Amino acid sequence: MTNLVEIRDLRVAFDGVPVLHGIDLDVRPGEALGLVGESGCGKSVTWLAALGLLPSKATVSGRVRLGETDLSGAPRAQLEQVRGGRIAMIFQDPSSALNPVLKVGRQLCEALKLHRGLTGAPAKAEALRLMDLVGIPDPKGRFALYPHEFSGGQCQRLMIAMALAGEPDLLIADEPTTALDATIQAQILDLLARLRAEMNMATVFISHDLGAVAQVCERVCVMYAGRIVEQGEVGLLFDRPRHPYTRGLFDALPRLDGPRVPLVPIRGTVPDPRNLPRGCAFAPRCAHARDFCHSERPDLHRQQDGRALACAYPLPAAPATQDTAPARREGVHS
Amino acid sequence: MIAFVLVRLFRAVVTVLAVMTFAFVVLRMSGDPAQVLMGPDVPQNVVDAFRAEWGLDAPLWQQYISYFREILSGDFGLSMRDRSPAIELVLERVPATLQLTIPALLLKLCIGIPAGIYAALHRDSAIDRGVIFLAILGFTIPSFVMGLVLVLIFAVTLHALPSGGIGTWQHALLPAITMSIGGIGILARFSRSAMIEVMGQPYIRTASAKGVRWHDVVRGHALPNAAVPIVTIVGFMVGSVISGAVVVETIFSWPGIGRLLIVSVANRDLAVVQCILLLIAAVMVVSNLVVDLLYGWLDPRLRAQPAH
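Chains S and H, in that order, are what the protein sequence lines are. According to UniProt numbering, the stretch in the first sequence is residues 1 to 334, in order. According to UniProt numbering, the stretch in the second sequence is residues 1 to 308, in order.
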């Protein structure tokens with residue numbers, strides 16, 4: 001199967017400080033890919049860079065291909081066609097992601113006009129259909145309201161409706177549930193999963209919430225300090241994490257079943273991009289690190305079981321014992 | 001929406017009343033018109049007669065009440081100098097002042113706002129730095145210095161423009177420019193920071209992410225949001241079209257409200273000063289009222305919370 005998006009050696013620096021150190025990433029048509037990692041590891045920057053949405057102080061290099069189109073270095077007009085048309089993006093804080101002084105109907109219709117040439121009554125009809133599709137009650141009555149008259153969850157639904165307006169091949173959901181209440185989070189995740197199935201649209205789900213990722217995604221990339229450190233099928237990574245960082249993310253999750261055990265946080269914090277360790281960026285926080293890890297950086301290598309891994313001394317490939325697996329992995333099979 | 005308007009109307013009326021009261025009291029506490037008008041050597045009985053004639057011998061509160069009664073019946077009093085109605089003296093000066101302040105206002109808007117927005121959109125470029133530098137220069141140099149420098153260059157050295165007085169449009173050029181420079185600087189700075197703030201908001205990224213063209217992002221998504229803080233400053237400038245010319249009119253011997261105010265204060269011409277202050281307050285209050293209503297129109301979030 002040909003890839004929908006191919007990212008090769010994508011690098012980003014802000015004011016000369018590199019924050020993304022060569023990302024290789026493929027998205028297949030219709031698949032759901034999770035990007036996981038702590039704040040500041042480069043999950044969002046990867047996609048903002050791919051779509052040319054970073055501020056001008058950022059320098060971007062590498063290649064981003066969308067089907068036959070090369071997005072890296074593409075002229076602005078071409079990128080504007082892709083944005084919202086073939087790749088749509090929704091963001092973390094839905095309440096501030098909608099323009100506060102424009103009616104939501106107008107914001108929806110704007111996307112419909114840009115990507116599907118709809119104006120006037122047909123645009124309004126389609127906007128109402130989209131609002132209904134994402135679960136906004138009484139779309140007709142709320143078409144002419146402003147964003148502040150909607151709740152956070154509803155704003156995110158509106159964002160999703162706006163993203164769907166261009167009938168994209170790929171939806172980038174950047175922490176779409178982080179700012180929402182737990183019950184609303186579940187509804188939005190369900191909505192995203194349902195829409196992906198109905199519209200056969202690939203989804204990249206950027207999150208630090210492993211439970212949410214497990215629920216929605218088929219494949220997961222774990223990122224740390226601007227690099228991918230482990231990548232593979234969601235079941236594989238969740239049952240048998242091999243990178244100590246991936247494992248650490250799971251150990252820091254609360255369990256819903258089994259005996260109460262203390263959570264194991266990952267000690268330390270994400271390193272400062274201006275001052276990265278010489279070897280593996282995770283080595284200073286890693287319980288398994290040896291001398292080699294502090295001096296040499298391991299590359300991302302494909303493993304026999306299909307995953308890719310960047311670790312010199314990974315955890316054993318044997319299945320993890322039951323009490324270390326995350327409680328919420330049930331979501332994978334649901 | 002009705003509550004929004006009513007609250008602001010009420011506030012406007014209170015403000016005008018406060019200004020009138022303040023002007024009335026301070027003028028009467030700070031000097032005696034009879035002394036100023038007639039000089040120190042006039043016999044006491046003449047002074048007393050003058051006071052009685054103008055009602056200055058009554059207690060302050062009685063003067064205040066009769067002043068209000070007269071205002072409410074449309075009588076703004078007579079000038080003590082030539083006994084002509086104060087309101088006429090004031091109103092006949094208004095066109096001269098507006099001849100300076102309205103062109104100055106247009107210059108501020110047409111130069112200050114675009115310069116600020118352009119600088120914001122090209123942040124940290126040479127043009128941006130140039131705009132910031134000129135803006136700071138513009139509003140830190142006092143208008144009397146700026147006016148004299150312009151006179152020195154264009155009137156004294158180049159003989160290109162008249163240095164003062166009223167007559168042709170060339171006479172208005174130097175005073176109007178002098179008056180506009182500070183405002184251009186303030187507006188450029190304000191528009192720039194408002195625009196930079198807005199361009200960093202998540203909804204601008206959303207608009208770009210959905211494929212809106214760059215110019216339409218700026219025009220359709222950023223400008224309507226940046227308008228609120230800019231309108232605040234513009235409202236203040238519109239409010240000072242009557243009062244903003246005091247210094248510049250004096251430098252350029254321009255027979256407008258500002259000069260009349262200075263002369264009348266010096267002469268303790270109570271009715272004229274009160275009349276000017278009332279006019280200034282009314283214009284300022286009306287322009288603030290319009291700004292408040294514009295807020296509600298520009299930002300739907302402000303419509304929802306009328307009283308705060």
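Idealized CB from N, CA, C, for every residue including glycine. Bear in mind the structure is a predicted one, so any value in this text is a computation, not a measurement.
6 Å Cβ shell around residue i - same chain, five flanking residues per side excluded
| i | result |
| --- | --- |
| residue 54(S) | 48 |
| residue 193(S) | 216 |
| residue 303(S) | 309 |
| residue 72(S) | 63, 64 |
| residue 185(S) | 177 |
| residue 112(H) | 184, 187, 188 |
Assigned exposure category for residue i - 16 Cβ within 10 Å defines buried
| i | result |
| --- | --- |
| residue 325(S) | Because residue 325(S) sits at a pLDDT of 41, beneath the cut-off of 50, its placement in the model cannot be relied upon, and the following sentence gives the value as read from the coordinates. Buried: at least 16 other Cβ atoms inside 10 Å. |
| residue 334(S) | With a pLDDT of 34 at residue 334(S), under the threshold of 50, the predicted position of this residue should be treated as unreliable, though the coordinate-derived value follows. That one is exposed. |
| residue 210(H) | buried |
| residue 243(H) | buried |
| residue 89(S) | buried |
| residue 227(H) | buried |
| residue 121(S) | exposed |
| residue 45(H) | exposed |
| residue 41(S) | buried |
| residue 230(S) | buried |
| residue 203(S) | buried |
| residue 257(S) | exposed |
| residue 240(H) | buried |
| residue 190(S) | exposed |
| residue 150(S) | buried |
| residue 159(H) | exposed |
| residue 243(S) | buried |
Distance CB(residue i)-CB(residue j) smaller than 7 Å
| i | j | result |
| --- | --- | --- |
| residue 235(H) | residue 287(H) | yes |
| residue 138(H) | residue 181(H) | yes |
| residue 174(S) | residue 95(S) | no |
| residue 191(H) | residue 230(H) | yes |
| residue 303(H) | residue 148(S) | no |
| residue 83(S) | residue 128(S) | no |
| residue 89(H) | residue 272(H) | yes |
| residue 9(S) | residue 62(S) | yes |
| residue 131(S) | residue 171(S) | no |
| residue 119(H) | residue 274(H) | no |
| residue 299(H) | residue 101(S) | yes |
| residue 19(S) | residue 226(S) | yes |
| residue 33(H) | residue 270(H) | yes |
| residue 103(S) | residue 58(S) | no |
| residue 97(H) | residue 146(H) | no |
Cross-chain neighbours of residue i in chain S, by beta carbon under 9 Å
| i | result |
| --- | --- |
| residue 61(H) | Per Cβ cutoff of 9 Å: no residues; residue 61(H) is ~49 Å from chain S at best. |
| residue 296(H) | Within 9 Å Cβ-Cβ: nothing; residue 296(H) doesn't reach chain S, min ~11 Å. |
| residue 85(H) | Simply none; closest approach about 47 Å. |
Within chain H, the residues that residue i reaches when beta carbons sit closer than 8 Å
| i | result |
| --- | --- |
| residue 97(S) | 202, 203, 205, 206 |
| residue 93(S) | 202 |
| residue 191(S) | Result: empty, since nearest Cβ-Cβ is about 18 Å, beyond 8 Å. |
| residue 166(S) | 210, 211 |
| residue 146(S) | 300, 301 |
| residue 249(S) | Within 8 Å Cβ-Cβ: nothing; residue 249(S) doesn't reach chain H, min ~26 Å. |
Residues that residue i contacts on chain S, provided the C-beta gap is smaller than 8 Å
| i | result |
| --- | --- |
| residue 55(H) | Correct list: empty, because the minimum Cβ distance to chain S is about 54 Å. |
| residue 221(H) | 99, 102 |
Cβ shell of residue i (< 7 Å), same chain only, five flanking positions each side left out
| i | result |
| --- | --- |
| residue 267(H) | 36, 37, 81 |
| residue 232(H) | 291 |
| residue 16(H) | 281, 282, 285 |
| residue 224(S) | 37, 41, 245, 281, 282 |
| residue 329(S) | Summary for residue 329(S): the model assigns pLDDT 38, below 50, so the residue's position carries little reliability, and this model does not support an answer. |
Partner residues on chain H for residue i, Cβ-Cβ distance less than 9 Å
| i | result |
| --- | --- |
| residue 111(S) | 210, 211, 212 |
| residue 78(S) | Correct list: empty, because the minimum Cβ distance to chain H is about 11 Å. |
Spatial neighbours of residue i in its chain, beta-carbon cut-off 8 Å, leaving aside the 5 residues before and after
| i | result |
| --- | --- |
| residue 48(H) | 57 |
| residue 218(S) | 31, 32, 33, 233, 234 |
| residue 97(S) | 90, 91, 155, 159 |
| residue 133(S) | 161, 164, 195 |
| residue 17(S) | 273, 274 |
Listed by chain order, chain S residues near residue i by CB distance under 7 Å
| i | result |
| --- | --- |
| residue 292(H) | What residue 292(H) touches in chain S: nothing, since even the nearest Cβ is about 16 Å away. |
Contacts of residue i in chain H (Cβ-Cβ under 7 Å)
| i | result |
| --- | --- |
| residue 101(S) | 224, 225, 298, 299, 300 |
| residue 162(S) | 210 |
| residue 89(S) | 209 |
| residue 81(S) | 211 |
### Query
Which full runs of the alpha helix (DSSP H) of 4+ residues lie inside the segment 44 to 111 of chain S, going along the chain?
Every alpha helix (DSSP H) stretch that sits fully inside the segment 44 to 111 of chain S and reaches 4 residues is listed by chain position as 76 to 82, 94 to 97.
### Runs of alpha helix (DSSP H) lying entirely within the segment 146 to 172 of chain S, each at least 4 residues, in chain order
If we require 4 residues or more, the alpha helix (DSSP H) runs fully inside the segment 146 to 172 of chain S come out as 152 to 164.
#### Entry: Completely contained alpha helix (DSSP H) runs for the segment 150 to 223 of chain H, where each covers 4 or more residues
169 to 199, 202 to 209, all fully within the segment 150 to 223 of chain H.
#### Entry: 4 or more residues per run - each alpha helix (DSSP H) lying fully within the segment 159 to 244 of chain S
For the segment 159 to 244 of chain S, the full-length alpha helix (DSSP H) segments reaching 4 residues or more read 182 to 199, 210 to 216, 234 to 239 along the chain.
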